[in-house]
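Enquirer:
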Amino acid sequence: MPYVTSMERIAETRGGANVLLEAIANLGDSLPEDLEQRVRRLPIERLQELGKALFNFRSLEDVEGWLDAHEKPTRRGHKRPKGRNSH
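Going by the working numbering, 87 is the number at position 87 of the sequence shown; the sequence numbering is gapless.
(1) Just the C-alpha distance for K72 and L60, rounded to the nearest angstrom, thanks.
(2) Tell me which residue opens and which closes the alpha helix (DSSP H) that D29 is part of.
(3) When the Cα atoms are used, what is the spatial distance from H70 to N26?
(4) Go ahead and label G16 buried or exposed: buried means 16 or more other beta carbons lie within 10 angstroms of its beta carbon, across all protein chains shown.
(5) Tell me the rounded alpha-carbon separation between R75 and A23.
(6) For chain C, find out if any of its Cβ atoms is closer than 8 Å to the Cβ of I24; answer yes or no.
(7) List the whole-angstrom C-beta distance separating L21 from G51, where the pair is believed to meet the contact cut-off of C-beta under 8 Å.
The following block contains the structure:
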């Protein structure tokens, strides 16, 4: 397995995000800034998953739903898995 530097990893992630954002932009009239930022924050593994799922999306709402289900929870707990109690 080749050694990958942090900078290479960042470049790979940015490049992947840019490609996906171009495809996502085709689903609607304009790409909302908050949606773009959510995609840009995804790690490369999640970008790969999103790329596969993108073939099934018909709207920006589909992308938002996928992000809601797949983003990591924040430290403040704003993103909680659906169906779990808050206790």
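For every residue, glycine included, the Cβ atom is placed at its ideal position computed from N, Cα and C. Every value quoted in this text rests on a predicted model; they were computed, and no experiment measured them.
Expert: Looking at the atomic coordinates:
(1) 20 Å
(2) Note, D29: premise wrong, no alpha helix (DSSP H); not H, not E.
(3) 21 Å
(4) buried
(5) Low local confidence applies: a pLDDT of 46 at R75 is under 50, so the model's placement there is unreliable, with the coordinate-based value given in what follows. If I take the Cα positions, the gap works out to 30 Å.
(6) The chain labelled as chain C is not found in the depicted structure, where only one protein chain is given.
(7) Actually they are not in contact, since the Cβ atoms of L21 and G51 sit about 11 Å apart, beyond 8 Å.
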